[in-house]
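Asks: Residue numbers (our numbering): 26 to 220.
A virtual CB, placed ideally from N, CA and C, is assigned to each residue, including glycine.
To start, I am sharing the structure in question, which I have written as structure tokens.
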Amino acid sequence: PEAGELYLLDYLKSNLNDSFEVFFNPFLNGDRPDIIIMRKGYGIMIIEVKDWKFANYYLDDRRKWRLKQNHAYLKSPLDQVLQYKENIYNLHIENLLEKKIKNFKYWTIVCCAVYFHNETESSIKEFLVTPYEQDRKYLDFLKHNVDYLGRDNLNKIDFNKLLRKRYLDVDHTSFFFSNELYDSFKRFLKPTQHT
């Protein structure tokens, strides 16, 4: 594990109760998300962890991530975590895509976040949000699809606010995340005995 992954795992271990299950780097038929949090009766959160320092990167005019050193393109961590989510629906969990097509609310049982270990909430906003404040479509995309965390957000108040926003807190059980779906996810996420 990278430093950011260890730091986040330690935080989750110390601050989440036993109703949460945490999977580190599960192998999902070729996908390897960094961390998945699952809570029976509530839902799932996929967290991509980056130890990147924004001083080494920039977003071009199409919001593509590029390395300052040689202007090379990089896969956006936001796109990466959303791709994991789409693959869960489209490829990995049986009947989940069909359920989502029939009722779009099934899309909300899996949520996404990116944790930037070497950045703060304000530096993330300055990098990802402030330059694009006039672009309502992009801001709505962020608001509804991907949450972001800096190291300073790993505290009870901010993290619980995120759990509440994504309906993983104690006040909200999910009608859509049934025991049947939970069992499907559990079978898929649990490593095989030999692993």
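#1: Exposed or buried, ARG88, counting other C-beta atoms within 10 Å across all chains shown (16 or more means buried)?
#2: Just the Cα atoms here: how many angstroms apart are ILE126 and GLN94?
#3: Do MET63 and LEU214 have their C-beta atoms within less than 8 Å of each other?
#4: Tell me which residue opens and which closes the alpha helix (DSSP H) that LEU107 is part of.
#5: Just to confirm, are GLU12 and ASP177 a CB contact at a threshold of 8 Å?
#6: As a quick exercise: from ASN81, LEU116 and SER203, pick the residue whose alpha carbon is nearest that of HIS96.
#7: Measuring only the C-alpha atoms, how far is ILE194 from ASN120?
#8: Pull up the distance between the alpha-carbon of THR200 and that of ASP208, whole angstroms please.
#9: According to DSSP, is ARG189 part of a helix, a strand, or is it coil?
#10: Is ILE60 buried or exposed, if buried means 16 or more other CB atoms sit within 10 Å of its CB?
#11: Considering only residues of the stretch 73-158, which uninterrupted beta strand (DSSP E) runs meet the minimum length of 3 residues and lie entirely inside it, listed in chain order?
#12: Relative to the C-alpha of GLU73, which candidate in LEU174, TYR192 and PHE184 has its C-alpha closest?
#13: Mind checking TYR98: buried by the 16 CB within 10 Å criterion, or exposed?
Replies: Inspection of the coordinates gives the following:
#1: exposed
#2: 43 Å
#3: yes
#4: 102-112
#5: Because the chain is modelled from 26 through 220, residue 12 falls outside the range shown and cannot be assessed.
#6: ASN81
#7: A small correction: the amino acid at residue 194 is Asp; Ile does not occupy that position in the sequence shown. Going from the Cα of ASP194 to the Cα of ASN120 covers about 26 Å.
#8: According to the sequence as given, residue 200 is Phe; it is not Thr. Their backbone Cα atoms lie some 15 Å apart in a straight line.
#9: helix
#10: buried
#11: 82-84, 90-92 and 135-141
#12: LEU174
#13: exposed
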